[in-house]
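Visitor: Mapped onto our numbering, the consecutive letters of the sequence shown carry residue numbers 16 to 351. Glycine included, every Cβ here is placed at the ideal spot set by N, Cα and C. My questions will all concern the structure given below.
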Amino acid sequence: MPDTSRMIDPYGRAITYLRVSVTDRCDFRCVYCMAEDMTFLPKAEILTLEELDRLCSAFVRQGVRKLRMTGGEPLVRRNIMWLFRRLSRHLESGALDELTVTTNGSQLAKHAAELADLGVRRINVSLDTLDPHKFQAITRWGKLDKVQEGLAAAKAAGLAVKINTVALKGVNDDEFDRLVAWCGDEGFDLTFIEVMPMGDIGGETRVDQYLPLSMVRGRLQEKWTLDEIDHRTGGPARYSRCRETGGRIGFITPMTHNFCESCNRVRLTCTGTLYMCLGQEDAADLRAPLRESEDDALVEAAIHEAIARKPKGHDFVIDRRRRRPAVGRHMSVTGG
Ligand code: SAM
Ligand code: SF4
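Below, the structure written as structure tokens:
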């Protein structure tokens, strides 16, 4: 009999981390993520919050210990706090170690205290610049002061914050030292992300924005002392401790490093499609088995079938000749 209480993929990796894109919509239009005139999915295609709860709970029963809500912007989905409230029962029961969220911070001032009450301990907030004009240029529709308010609320609520910064050549590469110092002052961790070739965004291409993090690291080391630390999350980030600020600095380098051997995660979209790898197109539809029966046996079988197909790894390339994304879907579909 296969062990159905845990999900082990063909390469022996235990799948313990589910990232859930709860909506493809967003109140920002970051230039590297979306075209300004993005078309979004029709509502009927999107799982209800009740269905998302059912699916996430099925994953928790199958051995997932960490759930991350992402998007699009998770906190713009109507009534999203209902889902957090429902899922927090798995924290209380001990079935889940961590419930968390990746957000652009625009709605955080409203929700930070409740998130903390529900047992959320750490959140990721994406912020590429501390300059209000640049912030607006990058996000097109965002306002830096709203995000700053959200960050203050998160701090006041006792949430640990990790800032995610996409490194963009010619855009925010003059601000990295300032971001390190600011995160040190605020007590935030900081992770730099390489821009990834996902989804057509129109206009300028990411080939022009791509900045290898080896260069970012090199530049930071002219000013800061970065000590390697053994902090691993099973994900693509490698962490250092900044001796001067005491803060952790992570580097997510999907383009220059292969981190697939230790991959513990799968990604669910808001339509119930499960992607077994961020960098591959293969996917499994979980919405049909979910809707076909009120009993969860079908969907659990579909989950196991999908895990049995998890690929060994990905092969991201920024295609310099064709200047086309390596993966057709946008980051907002799977939430990064
Ligand atoms: N809206 C939320 C946010 O911005 O944090 C959650 C979803 S967003 C898609 C998750 C992360 O993906 C963000 O940190 C964002 O900067 C990053 N991201 C989006 N498009 C990217 C790309 N093409 N390459 C690298 N990172 C990207
Ligand atoms: Fe929205 Fe996040 Fe994409 Fe920016 S990165 S457009 S905030 S989903």
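#1: Any heavy atom of the ligand SAM closer than 7 Å to the beta-carbon of N94?
#2: Say the cut is 7 Å; is the CB of Y254 nearer than that to a heavy atom of the ligand SAM?
#3: Assign T144 to buried or exposed, taking buried as 16 or more other Cβ atoms, counted over all protein chains shown, within 10 Å of its Cβ.
#4: Closest to R280 by CA distance: which of T349, G261, A317, N119 is it?
#5: Could you name the residues of the same chain whose beta carbon sits closer than 6 Å to that of V210, not counting the 5 residues immediately before and after it, in chain order?
#6: In chain order, which continuous runs of the alpha helix (DSSP H) of length 4 or greater are located wholly inside the segment 219-257?
#7: Quick one: residues in its chain with C-beta nearer than 7 Å to the C-beta of H272, no 5 flanking neighbours on either side, listed in chain order?
#8: Which first and last residues belong to the alpha helix (DSSP H) in which F99 is found?
#9: With DSSP collapsed to three states, give me the class of T372.
#10: A171: which of R253, E129, A298, V314 sits nearest, CA to CA?
#11: From the DSSP secondary-structure annotation, give me the bridge partner or partners of F150.
#12: Between which two residues does the alpha helix (DSSP H) holding R306 run?
#13: How would you write the range of the beta strand (DSSP E) that F43 sits in, first residue to last?
#14: Tell whether a beta-carbon distance below 8 Å holds between L133 and R100.
#15: Measuring only from the beta carbon, is N139 closer than 7 Å to any heavy atom that is part of the ligand SF4?
#16: Looking at R137 and K177, is the spacing between their C-beta atoms short of 8 Å?
#17: Assuming contact is defined by CB atoms lying nearer than 8 Å, are R234 and F203 in contact in what I supplied?
#18: Determine the burial state of K238: buried for a count of at least 16 other Cβ atoms within 10 Å of its Cβ, exposed for fewer.
#19: Given the structure, does G27 come close to the ligand SAM, in the sense that its CB is under 7 Å from one of the ligand's heavy atoms?
#20: Are the segment 312-319 and the segment 252-264 touching, with three or more C-beta to C-beta distances below 8 Å?
#21: Check each candidate in V116, P147, I30, M346 and name the one with the smallest Cα separation from I208.
#22: Out of K184, G173, L142, point me to the one whose CA is closest to K158's CA.
#23: When you compare only the Cα positions, how much space is there between Q77 and A110?
#24: How would you label E94, buried or exposed, when you count the other beta carbons within 10 angstroms and need 16 or more for buried?
#25: For the beta strand (DSSP E) containing C51, name the first residue and the last one.
#26: Assuming T180 is part of the beta strand (DSSP E), what are its boundary residues?
#27: K58: buried (16+ other C-beta within 10 angstroms of its C-beta) or exposed?
#28: Reducing DSSP to helix, strand and coil, say where R337 ends up.
#29: Ignore the nearest five residues each way along the sequence and tell me which others in G27's own chain have a CB closer than 7 Å to its CB.
#30: Taking 8 Å as the threshold (C-beta atoms), are L305 and L70 in contact?
#31: Excluding sequence positions up to five away, which residues of its chain have a Cβ less than 6 Å from the Cβ of E113?
#32: Are there any heavy atoms of the ligand SF4 lying less than 7 Å away from the beta-carbon of C285, as far as the coordinates show?
#33: DSSP three-state call for L293: helix, strand or coil?
Guide: According to the structure shown:
#1: no
#2: no
#3: buried
#4: When each option's Cα is compared against that of R280, the closest is T349.
#5: Y47, V181, R221, Q224, Y225
#6: 221-224, 228-235
#7: Low local confidence applies: a pLDDT of 49 at H272 is under 50, so the model's placement there is unreliable, and no value is given.
#8: 95-108
#9: Since the first residue of the chain shown is 16 and the last is 351, residue 372 is not available in this structure.
#10: E129
#11: DSSP lists no partner for F150.
#12: 302-307
#13: No beta strand (DSSP E) contains F43, which DSSP labels as neither H nor E.
#14: yes
#15: no
#16: yes
#17: no
#18: It counts as exposed.
#19: For G27, the distance from the CB to the nearest heavy atom of the ligand SAM is not below 7 Å.
#20: No: fewer than three Cβ pairs fall under 8 Å.
#21: M346
#22: L142
#23: 10 Å
#24: The sequence shown places Asn at residue 94, rather than the Glu named in the question. With fewer than 16 other Cβ atoms within 10 Å, it is exposed.
#25: The identity of residue 51 in the sequence shown is Glu, whereas the question assumes Cys. Where E51 is concerned, there is no enclosing beta strand (DSSP E), given that its DSSP letter is neither H nor E.
#26: 175-182
#27: exposed
#28: The predicted position of R337 is uncertain, since its pLDDT is 48 and thus under 50; a value taken from the coordinates is nonetheless stated next. The answer is coil: DSSP assigns R337 none of H, G, I, E or B.
#29: none
#30: yes
#31: K81
#32: no
#33: Note: L293 maps to coil in three-state DSSP.
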